[in-house]
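**Q** I have a structure here, written as structure tokens, and I will follow up with some questions on it.
2 protein chains.
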Amino acid sequence: MNESLQNQRKEQILDAALKVLVQNGYEQSRMDDVVKLSKLSKGAIYWYYKSKKEMYLDLVNFWVLRYSVNLNHIVEEEALPSLQLKDLFQYFIDQYESDPQPFIALTDFWSMAQKDEDFRKKLQKVYTHFLELLEGIIDRGVKSGEFKKLDVRMTALSIMVNIESINWFTLFEIHGVSVKEYMETIIDFILSGIMKKH
Amino acid sequence: MNESLQNQRKEQILDAALKVLVQNGYEQSRMDDVVKLSKLSKGAIYWYYKSKKEMYLDLVNFWVLRYSVNLNHIVEEEALPSLQLKDLFQYFIDQYESDPQPFIALTDFWSMAQKDEDFRKKLQKVYTHFLELLEGIIDRGVKSGEFKKLDVRMTALSIMVNIESINWFTLFEIHGVSVKEYMETIIDFILSGIMKKH
DNA sequence: TAATATAGACTGACCGGTCGGTTTAGTTTA
DNA sequence: TAAACTAAACCGACCGGTCAGTCTATATTA
Chain X
1 MNESLQNQRK EQILDAALKV LVQNGYEQSR MDDVVKLSKL SKGAIYWYYK SKKEMYLDLV
61 NFWVLRYSVN LNHIVEEEAL PSLQLKDLFQ YFIDQYESDP QPFIALTDFW SMAQKDEDFR
121 KKLQKVYTHF LELLEGIIDR GVKSGEFKKL DVRMTALSIM VNIESINWFT LFEIHGVSVK
181 EYMETIIDFI LSGIMKKH
Chain G
199 MNESLQNQRK EQILDAALKV LVQNGYEQSR MDDVVKLSKL SKGAIYWYYK SKKEMYLDLV
259 NFWVLRYSVN LNHIVEEEAL PSLQLKDLFQ YFIDQYESDP QPFIALTDFW SMAQKDEDFR
319 KKLQKVYTHF LELLEGIIDR GVKSGEFKKL DVRMTALSIM VNIESINWFT LFEIHGVSVK
379 EYMETIIDFI LSGIMKKH
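Quick mapping for you: the protein sequence lines, in order, are chains X and G. If you're matching positions, the first sequence starts at 1 in the numbering used here and goes up one per residue. If you're matching positions, the second sequence starts at 199 in the numbering used here and goes up one per residue.
So, in structure tokens, the structure goes:
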């Protein structure tokens, strides 16, 4: 069996795992459900992953990989920093609207990270990377004069937090406010605060 | 046994429950651990609560009650809306610094809410109430002319989200940024965006 | 080229520990 | 004397992980 077929199998497993995770959360997700959904056998899953935890840790990779390709693409473009931030927000809005499942899973990974070192480290890595990406944009904005002189780290942190706030919408119907509407308002608010006026 | 002694017993149980929850998360929290920590017996705990879930649902009440007394006190004061918002942030900073445990538990309640109707409803109620409180402040700020003409609901939502972001600090050491420092920067940023200039 | 061997991929019944909750038989408290 | 417990044994559903064995495709041999 060649490598791509192995990856296909893993994808098959992780697709199932994500669905199960979203519906039940980590602790309440059953390997037997992953078995059913993946249309493989228990043995097959334990052939590829030595434990439930290993499987879900790999789900993070799987999922981050998908995102990072697009994120890097946004940042590589030679656009205005302010536009890059807008694009970033737009990207997450689009992702959310086309499939909110990964966002739901994120809440669970957060709570996993609270009690498990391995999950915490994995999430930390993901967010550190994302923070660096934001810092890059902001730094360019400051240096080019489009943005005010800001505390780059603090600003990046604040933007990250506000992007993450998209998770609220997975949980609550916030009367009369849509994700799109809310997120677009927020990015405009942030930009109006960090851009130089003239 | 009078009511206050019963409440004291419940407090004894819920204090233990919070500790266990913080260390292990809901699913991995064991009733036997709550028994041990509370220094009561299993029978006693099931005397007061008919199930694990009931117990933890009541933990939310217990914990909300403690907060809401202080929050209402902040809002009742006849201070400037901007100052009330500052006080609110300061209150959460202080709470976090004196005891971050409830904030850690919150992450778990979030993930509970994703999969359990009862927890979701409970959290929804809590946040709805908090939103209304914020909306009250903002509305007064707008009407008194201290704030710009704002979308009250959207602004309240944004402020709530940014207060919640304190949770990040339970999970990650954010290099070189303290809770206090971060939160104070954020509230200043928000205020500078919503207050009328002169 | 048919027979045999080997490794990798996969099956699914089963096991053993775990843990929420119950029961029982008594004891203490107000 | 009823309510509020204690202590400890117990129940039984549940589920992650195991493992003996099967299947398949590709060598290797005779």
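Every residue, glycine too, gets a C-beta built ideally from N, C-alpha and C.
#1: In whole angstroms, give me the CA-to-CA distance for Arg120(X) and Leu238(G).
#2: Within the stretch 75-142 of chain X, note down every full beta strand (DSSP E) run reaching 3 residues or more, in order along the chain.
#3: Per DSSP, what kind of secondary structure is Phe370(G) in: helix, strand or coil?
#4: Could you tell me whether the Cβ atoms of Thr368(G) and Thr305(G) are closer together than 8 Å?
#5: Quick one: which chain G residues come within Cβ less than 7 Å of Met154(X)?
#6: Specify, as a first and last residue, the run of the alpha helix (DSSP H) that Met381(G) falls within.
#7: Just to confirm the assignment, what range does the alpha helix (DSSP H) spanning Ile159(X) have?
#8: Rank Val161(X), Glu173(X) and Val177(X) by C-alpha distance to the C-alpha of Met381(G) and give the top, closest one.
#9: What is the C-beta distance between Val350(G) and Glu330(G), in whole angstroms, given that I count them as a contact (C-beta under 8 Å)?
#10: Which same chain residues, not among the five before or five after Lys217(G), have their C-beta less than 7 Å away from its C-beta?
#11: Relative to the C-alpha of Lys313(G), which candidate in Ala17(X), Tyr26(X), Gln114(X) and Leu150(X) has its C-alpha closest?
#12: Please list, in chain order, the chain X residues whose beta carbon lies closer than 8 Å to that of Val359(G).
#13: Would the stretch 238-250 of chain G count as touching the stretch 265-276 of chain G if we require 3 or more Cβ pairs under 8 Å?
#14: Just mark Gly339(G) as buried or exposed, buried being the case when its beta carbon has 16 or more other beta carbons within 10 Å.
#15: Just list the residues that DSSP pairs Phe345(G) with in beta bridges.
#16: For the alpha helix (DSSP H) containing Lys42(X), name the first residue and the last one.
#17: Quick one: list the residues of chain G neighbouring Tyr127(X), beta-carbon separation under 8 Å, in chain order.
#18: Just the Cα atoms here: how many angstroms apart are Glu295(G) and Lys148(X)?
#19: Rounded to the nearest angstrom, what separates Pro298(G) and Lys143(X) at their Cα positions?
#20: Closest by CA to Asn259(G), which one among Gly343(G), Ser356(G), His327(G) and Ala354(G)?
#21: Along the chain, where does the alpha helix (DSSP H) that runs through Ser38(X) open and close?
#22: Measuring only the C-alpha atoms, how far is Phe172(X) from Ile187(X)?
#23: Report the rounded CA-to-CA distance for Tyr254(G) versus Ser4(X), giving the unit in angstroms.
#24: With distances taken between CB atoms, is the gap from Ile364(G) to Leu283(G) smaller than 8 Å?
#25: If you measure beta-carbon to beta-carbon, which residues of the stretch 41-54 of chain X are closer than 9 Å to chain G?
#26: Run through DSSP, which three-state label would Leu4(X) get?
#27: By the 10 Å Cβ neighbour count, where 16 or more other Cβ atoms means buried, how is Lys196(X) classified, buried or exposed?
#28: DSSP on Ser266(G), reduced to helix/strand/coil?
#29: Evaluate Glu164(X) with the Cβ neighbour count: other Cβ atoms within 10 Å of its Cβ, from every protein chain shown; 16 or more gives buried, anything less gives exposed.
#30: Do the CB positions of Leu212(G) and Leu257(G) come within less than 8 Å of each other?
#31: In chain X, which residues lie with their C-beta within 8 Å of the C-beta of Lys313(G)?
#32: May I have the straight-line CA-CA distance separating Gln12(X) from Tyr48(X), to the nearest angstrom?
#33: Which residues in chain G have a C-beta closer than 9 Å to the C-beta of Arg120(X)? List them in chain order.
**A** Once the coordinates are examined:
#1: Taking the first residue of the first sequence as 1, we reach residue 120(X) at position 120. Taking the first residue of the second sequence as 1, we reach residue 238(G) at position 40. For Arg120(X) and Leu238(G), the distance between alpha carbons rounds to 34 Å.
#2: none
#3: By 1-based counting over the second sequence, the position of residue 370(G) is 172. In the structure shown, Phe370(G) sits in coil (DSSP, three-state: anything other than H, G, I, E or B).
#4: For the purposes of this step, residue 368(G) is taken as the residue at position 170 of the second sequence. For the purposes of this step, residue 305(G) is taken as the residue at position 107 of the second sequence. Contact flag set, yes.
#5: Numbered from 1 along the first sequence, position 154 holds the residue referred to as residue 154(X). By Cβ distance, chain G contributes Val375, Tyr380 and Thr383.
#6: Translated into the one-based positions of the second sequence, residue 381(G) becomes position 183. Residues Val377 to Ile392.
#7: Against the first sequence, residue 159(X) aligns to sequence position 159. Here the alpha helix (DSSP H) through Ile159(X) covers Val152 to Glu164.
#8: For the purposes of this step, residue 381(G) is taken as residue 183 along the second sequence, with counting starting at 1. It is Val161(X) whose Cα lies nearest to the Cα of Met381(G).
#9: Stepping through the second sequence from its first residue, residue 350(G) is reached at position 152. Stepping through the second sequence from its first residue, residue 330(G) is reached at position 132. That belief does not hold up - the Cβ atoms of Val350(G) and Glu330(G) are roughly 11 Å apart, past 8 Å.
#10: Looking up residue 217(G) in the second sequence gives position 19. Same-chain partners within the cutoff: Leu235.
#11: Start at 1 with the first residue of the second sequence, and residue 313(G) comes out as number 115. For the residues Ala17(X), Tyr26(X), Gln114(X) and Leu150(X), the minimum Cα distance to Lys313(G) belongs to Tyr26(X).
#12: The residue given as residue 359(G) occupies position 161 in the second sequence. In chain order: Val161, Asn162, Ser165 and Trp168.
#13: no
#14: Position 141 of the second sequence, counted from the first residue, corresponds to residue 339(G). So Gly339(G) ends up on the buried side.
#15: For this step, residue 345(G) is matched to residue 147 along the second sequence. Paired residues: Met393(G).
#16: Within the first sequence, the letter at position 42 stands for residue 42(X). Lys42(X) -> alpha helix (DSSP H) spans Lys42 to Tyr48.
#17: Here residue 127(X) corresponds to residue number 127 of the first sequence, with the count starting at 1. Residues of chain G passing the Cβ test: Phe370.
#18: Here residue 295(G) refers to the residue found at position 97 when the second sequence is read from its first residue. Here residue 148(X) refers to the residue found at position 148 when the first sequence is read from its first residue. Between Glu295(G) and Lys148(X), the C-alpha separation is close to 31 Å.
#19: Translated into positions along the second sequence, residue 298(G) becomes position 100. Translated into positions along the first sequence, residue 143(X) becomes position 143. Taking the straight line joining both Cα atoms gives about 37 Å.
#20: Counting from one through the second sequence, the residue named residue 259(G) turns up at place 61. It is His327(G) whose Cα lies nearest to the Cα of Asn259(G).
#21: Here the question's residue 38(X) lines up with position 38 in the first sequence. That run of the alpha helix (DSSP H) goes Met31 to Ser38.
#22: If you number the first sequence from 1, residue 172(X) lands on position 172. If you number the first sequence from 1, residue 187(X) lands on position 187. Taking the straight line from one Cα to the other gives about 21 Å.
#23: If you number the second sequence from 1, residue 254(G) lands on position 56. If you number the first sequence from 1, residue 4(X) lands on position 4. Approximately 46 Å between the Cα atoms of the pair.
#24: Here the question's residue 364(G) lines up with position 166 in the second sequence. Here the question's residue 283(G) lines up with position 85 in the second sequence. Against a cut-off of 8 Å, the Cβ pair of Leu283(G) and Ile364(G) comes out as no contact.
#25: none
#26: Sequence index remark: in the first sequence, residue 4(X) carries index 4 (1-based). Reading off the sequence shown, one finds Ser at residue 4(X), where the question assumed Leu. Three-state DSSP puts Ser4(X) in a helix.
#27: Walking along the first sequence from the start, residue 196(X) turns up at place 196. Exposed: under 16 other Cβ atoms inside 10 Å.
#28: Residue mapping note: residue 266(G) aligns to position 68 of the second sequence, counting from 1. Residue state, collapsed to three classes: helix.
#29: One-based indexing of the first sequence puts residue 164(X) at position 164. Buried, by the Cβ-count rule.
#30: Position 14 of the second sequence, counted from the start, is the residue given in the question as residue 212(G). Position 59 of the second sequence, counted from the start, is the residue given in the question as residue 257(G). Cβ distance < 8 Å, so Leu212(G) and Leu257(G) count as in contact.
#31: For this step, residue 313(G) is matched to residue 115 along the second sequence. By Cβ distance, chain X contributes Gln23, Asn24, Gly25 and Gln28.
#32: As a working note, residue 12(X) is residue 12 in the first sequence. As a working note, residue 48(X) is residue 48 in the first sequence. Distance between the alpha carbons of Gln12(X) and Tyr48(X) is about 11 Å.
#33: Along the first sequence, read from residue 1 onward, the residue named residue 120(X) stands at position 120. Near Arg120(X) (Cβ distances below 9 Å), the residues of chain G are Leu369 and Phe370.
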